[in-house]
Amino acid sequence: MKLYSYWRSSSAWRVRIALAYKGLDYQYVAVDIQPGHDAQKAPDFGVINAMRQVPVLEIEMEPARGSGLLRLGQSVAIVELLEELYPSPALLPQDPLDRARVREIVEIIASGVQPLQNLSITAELRRLGGDGAATAFARQAIASGLEAVEARVRERGQGYCVGAEPSLADAFLLPQLYNARRYGVELSGLGTLLAVEERASARPDFAAAHPDRQPDAPSAGTERS
Ligand SMILES: N[C@@H](CCC(=O)N[C@@H](CS)C(=O)NCC(=O)O)C(=O)O
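First residue of the sequence shown? That's 329 in our numbering, and the numbers climb one at a time after it.
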């Protein structure tokens, strides 16, 4: 398996957590999406993912499944595929209601928060309204989404977002909290989420997926734009 990733991509980080949690080996292919480098805009990358985003998972399919190489973009599709191909250890609970609860949190973050603060959106907002407007927009989008998640986790969490075991909801939450800090979002009202983050971050599998542990992360002390 190959993962096209960028050390600080929150969407790729979700997939790295799922891969580490399930103990799956993969080859890390760094795609430098930072402004000015723009490797996702290179002609070759358009063949890998027409959306020109990371993550992309490349997986060799068995002949029985149609053979050849499957290239899959979209972190939700990727982690759901991993869950189906490698169900144990599970990142979705057994109970259908709990599964729906996990997916609700995943959707809040994947559809309702991250796209509003992604590079291409903030770059366009910066162009239209300047740095201040872009940051304020992203900060507001992240804050309101995380407040909704906080309310849900207060109801249903028992150490993790849904129940007492990690799930996809936690794999989506941690990267979003990291981005919240990058945008200067006030986190003091999100105590339940911060406790989940602390617990999950202490696990070796979640820790291994952290941006600073990726091969393309700049070493400490160098520029981290
Ligand atoms: N919905 C997609 C979002 C992917 C995405 O936004 N990726 C960002 C990095 S986190 C990216 O590649 N941005 C490059 C760009 O906007 O040009 C997913 O869940 O995989």
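Ideal placement from N, C-alpha and C gives every residue a C-beta, glycine not left out. Values in this document were obtained by computation on a predicted structure and should not be read as measured data.
Legend entry - Under 9 Å between C-beta atoms of R527 and G487: Locating residue 527 in the sequence shown gives position 199, where the first residue counts as 1. Locating residue 487 in the sequence shown gives position 159, where the first residue counts as 1. Yes, they are a contact pair.
Inset, instruction - Examine ligand 1 and report whether any of its heavy atoms sits within less than 8 Å of the Cβ of A340. - result: As a position in the sequence shown, residue 340 is number 12, starting the count at 1. Checking every heavy atom of ligand 1 against the Cβ of A340, one is found closer than 8 Å.
Inset, instruction - Using 8 Å as the cut-off, classify the Cβ of R380 as near or not near the heavy atoms of ligand 1, replying yes or no. - result: If you number the sequence shown from 1, residue 380 lands on position 52. For ligand 1, at least one heavy atom lies less than 8 Å from the Cβ of R380.
Legend entry - Local Cβ density within 10 Å of S553, reported as buried at 16 or more and exposed below that: Translated into the one-based positions of the sequence shown, residue 553 becomes position 225. Summary for S553: the model assigns pLDDT 49, below 50, so the residue's position carries little reliability, and this model does not support an answer.
Legend entry - Neighbourhood of T463 by C-beta, 7 Å cutoff - its chain only, sequence neighbours within 5 removed: Position 135 of the sequence shown holds residue 463. Within the same chain, T463 has close Cβ partners Y511.
Inset, instruction - Figure out for me which residue from G485, A346, S339 has the closest Cα to the Cα of A535. - result: By 1-based counting over the sequence shown, the position of residue 535 is 207. Here the closest residue by C-alpha is A346.
Inset, instruction - Return yes when the C-beta of K330 is under 8 Å from any heavy atom of ligand 1, and no when it is not. - result: The sequence position of residue 330 within the sequence shown is 2, counting from 1. Answer for K330: no, Cβ out of range of ligand 1.
Inset, instruction - Would you kindly check if the distance between the Cβ of N446 and the Cβ of I470 is under 9 Å? - result: Reading the sequence shown from its first residue, position 142 is the one you call residue 470. Reading the sequence shown from its first residue, position 118 is the one you call residue 446. I470 places its beta carbon 9 Å or farther from that of N446.
Inset, instruction - For the alpha helix (DSSP H) containing S448, list its first residue and its last residue. - result: By 1-based counting over the sequence shown, the position of residue 448 is 120. 447 to 484 is the span of the alpha helix (DSSP H), which, as asked, contains S448.
Legend entry - Residue range of the unbroken alpha helix (DSSP H) whose run includes G374: Position 46 of the sequence shown holds residue 374. 371 to 376 is the span of the alpha helix (DSSP H), which, as asked, contains G374.
Legend entry - L331 beta carbon less than 9 Å from that of Y356: Locating residue 356 in the sequence shown gives position 28, counting from the first residue. Locating residue 331 in the sequence shown gives position 3, counting from the first residue. A contact, by the Cβ cut-off of 9 Å.
Inset, instruction - Can you say whether P532 is buried or exposed, counting buried as having 16 or more other CB atoms within 10 angstroms of its CB? - result: If you number the sequence shown from 1, residue 532 lands on position 204. Classification for P532: exposed.
Inset, instruction - Report the option in L518, E493, L453 whose CA atom is closest to the CA atom of G473. - result: Residue mapping note: residue 473 aligns to position 145 of the sequence shown, counting from 1. Nearest C-alpha to G473: L518.
Inset, instruction - Spell out the partners DSSP gives S495 in its beta bridges. - result: Locating residue 495 in the sequence shown gives position 167, where the first residue counts as 1. Note: S495 sits in no beta bridge, so no partner.
Inset, instruction - Return the Cβ separation of P421 and V430 in integer angstroms, given the expectation that the two are a contact with Cβ distance under 8 Å. - result: Numbered from 1 along the sequence shown, position 93 holds the residue referred to as residue 421. Numbered from 1 along the sequence shown, position 102 holds the residue referred to as residue 430. Your pair P421 and V430 checks out as a contact, with CB atoms roughly 7 Å apart and the cut at 8 Å.
Inset, instruction - To the nearest angstrom, report how far apart S333 and S339 are at their CA atoms. - result: Counting from one through the sequence shown, the residue named residue 333 turns up at place 5. Counting from one through the sequence shown, the residue named residue 339 turns up at place 11. Going by the C-alpha atoms only, they are around 9 Å apart.
Legend entry - Short Cβ contact (9 Å threshold) for P503 with W341: Numbered from its first residue, the sequence shown carries residue 503 at position 175. Numbered from its first residue, the sequence shown carries residue 341 at position 13. Yes, the pair counts as a contact, with Cβ atoms nearer than the cut-off.
Legend entry - Beta-carbon gap between P383 and S403 smaller than 9 Å: Counting from 1 along the sequence shown, the entry for residue 383 is found at position 55. Counting from 1 along the sequence shown, the entry for residue 403 is found at position 75. Against a cut-off of 9 Å, the Cβ pair of S403 and P383 comes out as a contact.
Inset, instruction - Pick helix, strand or coil for A530, following the three-state DSSP scheme. - result: Residue numbering aside, residue 530 sits at position 202 when the sequence shown is read from its first letter. Correct three-state label for A530: coil.
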